[in-house]
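Student: Below is a structure I'd like to ask you about.
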DNA sequence: CCTAACCCTTGCATCAATGCAAGGGTTGCT
DNA sequence: AGCAACCCTTGCATTGATGCAAGGGTTAGG
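Residue numbers (our numbering), protein chains in the order written: chain A, 14 to 183; chain B, 14 to 183.
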């Protein structure tokens with residue numbers, strides 16, 4: 014007999030390792046948002062991320078992507094427009110749909126979060142033995158590949174998480 | 014001279030890989046909470062996780078751990094108590110502090126989420142080449158180690174750090 | 001043209017989270 | 001005792017997210 018025992022055990026161990034890593038990553042995510050001055054809420058940030066990654070959108074598409082009622086999309090955008098992070102304008106070509114894009118300020122905010130996030134991760138990585146770094150890269154890519162496309166949840170694709178909100182330390 | 018160029022490039026690549034993996038993991042986290050029937054909000058779930066991992070707490074400690082005003086802790090607990098997920102009782106030893114513990118129902122809910130989470134991760138892992146699995150485990154552990162103590166954020170930290178099936182308990 | 005289909009916004013209502021301040025309890029120290 | 005220090009709760013106010021339904025706009029197809 015092979016040892017299914019051992020195999021299972023190893024898998025289990027891996028799962029633990031992944032969970033531990035996830036915990037760290039979530040911490041990083043939260044930090045990077047918390048550090049975003051101006052403080053937009055999680056949802057608002059999510060909107061920004063979606064728009065940043067999907068190019069100009071109309072409200073209905075955004076609502077769809079977020080899985081909420083259109084009216085909510087409208088109002089969340091209201092807030093972002095009010096803060097000068099989002100630009101909402103009529104599309105001359107088809108005035109039924111409007112165009113949502115980030116303002117420069119909005120783009121900067123998203124970029125900032127992303128940058129902080131990358132920096133934080135980098136900071137962790139450089140503390141690892143070089144050898145592990147290489148292995149990690151490959152293995153991680155495999156892992157992400159296995160994960161396939163995550164649902165529309167992403168706060169991370171550009172930047173963020175859905176979990177703990179920004180209340181870090183006080 | 015080494016090639017700092019190449020080294021930097023590789024690090025960059027790794028960072029991307031980590032981000033990609035993070036995205037997947039966050040997706041998993043979100044799913045596992047969303048799938049929790051009864052649906053408690055994220056914050057409420059956070060409270061439950063904190064209590065689950067930190068044993069009986071008094072309200073002030075919880076507020077502290079969450080980084081919010083004590084009154085909020087009280088009211089969030091109100092909701093959880095109302096839903097039968099949390100047990101709040103006087104501590105006979107010192108009636109200034111009360112005792113917050115999960116009810117069996119609450120514990121089950123948390124366990125369920127964790128279990129779903131582990132299962133989801135497992136499902137991804139088994140799709141990876143065996144060789145990568147092993148490398149991933151070691152590298153990931155290094156990574157988590159480099160991460161050190163994550164902030165109080167946890168949403169993730171219940172079953173993971175050590176116990177093989179810590180989460181299996183109900 | 002005119003209507004059906006679609007999109008966006010608004011008003012109404014609700015619920016969760018959050019902070020501040022006031023108030024009543026309990027304990028410990030003097 | 002008595003007071004100071006803490007703790008927990010409540011009332012008040014605000015902000016954000018959410019859904020539903022109604023209403024006005026715009027476009028494509030008859």
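Even glycine gets a Cβ: it sits at the ideal position worked out from N, Cα and C.
Using the Cα positions of residue 60(B) and residue 108(A), report the straight-line distance between them to the nearest angstrom.
Tutor: Their backbone Cα atoms lie some 46 Å apart in a straight line.
Student: Go ahead and pull the three-state DSSP assignment for residue 146(A).
Tutor: Residue state, collapsed to three classes: helix.
Student: Classify residue 102(B) as helix, strand or coil using the three-state DSSP reduction.
Tutor: The answer is strand: DSSP assigns residue 102(B) an E or B state.
Student: Using the Cβ count rule (16 or more neighbours within 10 Å means buried), how would you classify residue 84(A)?
Tutor: Exposed, by the Cβ-count rule.
Student: Roughly how many angstroms separate the alpha carbons of residue 175(B) and residue 29(A), rounded to a whole number?
Tutor: Residue placement at residue 175(B) cannot be trusted, given a pLDDT of 33 that sits under 50; what the coordinates show is reported in the next sentence. Taking the straight line from one Cα to the other gives about 8 Å.
Student: Have a look at residue 87(A) and residue 88(B) and give me their C-alpha separation to the nearest angstrom.
Tutor: When rounded, the distance between both Cα atoms is 30 Å.
Student: Report yes or no: do the segment 124-134 of chain A and the segment 69-80 of chain A share at least 3 C-beta pairs separated by less than 8 Å?
Tutor: Result no; under three Cβ-Cβ pairs closer than 8 Å.
Student: Just to make sure I have the definition right: I need the residues of chain B whose C-beta is within less than 9 Å of the C-beta of residue 159(A). Which are they?
Tutor: Chain B residues near residue 159(A): 37, 136, 137, 138, 139, 140, 141.
Student: Any heavy atom of the ligand NAD within a distance shorter than 7 Å of the CB on residue 69(A)?
Tutor: The model on display carries no ligand, and the ligand NAD is accordingly not part of it.
Student: Quick check on this structure: which residue in 25(B), 144(B), 126(B), 100(B) has the alpha carbon closest to the alpha carbon of residue 68(B)?
Tutor: The candidate whose alpha carbon is nearest that of residue 68(B) is 100(B).
Student: Below 8 Å on the Cβ atoms is my contact criterion, and I expect residue 264(B) with residue 34(A) to pass it. Report the Cβ-Cβ distance as a whole number of Å.
Tutor: Residue 264(B) lies beyond the stretch modelled for chain B, which goes from 14 to 183, so this question has no answer here.
Student: Checking 8 Å against the spacing of the C-beta atoms, do residue 111(B) and residue 147(B) come in under that value?
Tutor: No, the pair does not count as a contact, with Cβ atoms beyond the cut-off.
Student: With H, G and I counted as helix, E and B as strand and the rest as coil, what does DSSP make of residue 21(A)?
Tutor: Helix.
Student: Check whether chain B comes within 8 Å of residue 122(A), counting only Cβ atoms and requiring the distance to be less than that.
Tutor: Not closer than 8 Å to any Cβ of chain B, the Cβ of residue 122(A) fails to qualify, so no.
Student: Is the CB of residue 60(A) under 8 Å away from at least one CB in chain B?
Tutor: No, residue 60(A) lies away from the interface with chain B (no Cβ there is under 8 Å from its Cβ).
Student: Could you check what DSSP says for residue 114(B) in three-state terms: helix, strand or coil?
Tutor: DSSP places residue 114(B) in strand when its eight states are reduced to three.
Student: Starting from the C-beta of residue 45(A), find all residues in its chain whose C-beta is less than 6 Å away, skip the five residues before and the five after it, and write them out in chain order.
Tutor: Only 126, 129, 130 meet the Cβ criterion.
Student: With respect to the alpha helix (DSSP H) encompassing residue 73(A), which residues constitute its N-terminal and C-terminal limits?
Tutor: 72-79 is the extent of the alpha helix (DSSP H) around residue 73(A).
Student: Which chain A residues are close to residue 53(B), counting only those with a beta carbon under 7 Å from its beta carbon?
Tutor: Those within 7 Å of residue 53(B) in chain A number zero; the least Cβ separation is about 14 Å.
Student: Taking DSSP as the reference, what is the three-state secondary structure of residue 66(B)?
Tutor: The answer is helix: DSSP assigns residue 66(B) an H, G or I state.
Student: Taking residue 92(A) as part of the alpha helix (DSSP H), name the residues at either end of that continuous run.
Tutor: Its alpha helix (DSSP H) spans residues 83-95.
Student: If the criterion is Cβ atoms closer than 8 Å, does the pair residue 41(B) and residue 134(B) meet it?
Tutor: Against a cut-off of 8 Å, the Cβ pair of residue 134(B) and residue 41(B) comes out as a contact.
Student: Hey, how far is the Cα of residue 145(B) from the Cα of residue 156(A)?
Tutor: Using only the alpha carbons, I get a separation of about 9 Å.
Student: Assign residue 53(A) to one of three DSSP states: helix, strand, or coil.
Tutor: Coil.
Student: How big is the Cα-Cα spacing for residue 119(A) and residue 97(A)?
Tutor: Going by the C-alpha atoms only, they are around 7 Å apart.
Student: Mind pulling the chain A residues with CB within less than 8 Å of residue 131(B)?
Tutor: The contacting residues are 28, 32.
Student: What does residue 150(A) touch in chain B if you count any residue whose Cβ is under 8 Å from its own?
Tutor: Those are 23, 26, 27, 30, listed as they occur along chain B.
Student: Along chain A, in chain order, which residues have C-beta atoms closer than 8 Å to that of residue 154(B)?
Tutor: Under the 8 Å cutoff, chain A gives 30, 33.
Student: Taking the C-alpha atoms as reference points, what is the distance between residue 158(A) and residue 57(B)?
Tutor: Going from the Cα of residue 158(A) to the Cα of residue 57(B) covers about 32 Å.
Student: Got a sec? Which residues, its chain only, sit under 7 Å from residue 102(B) by beta carbon, not counting five neighbours each side?
Tutor: Answer for residue 102(B): 111, 112, listed in chain order.
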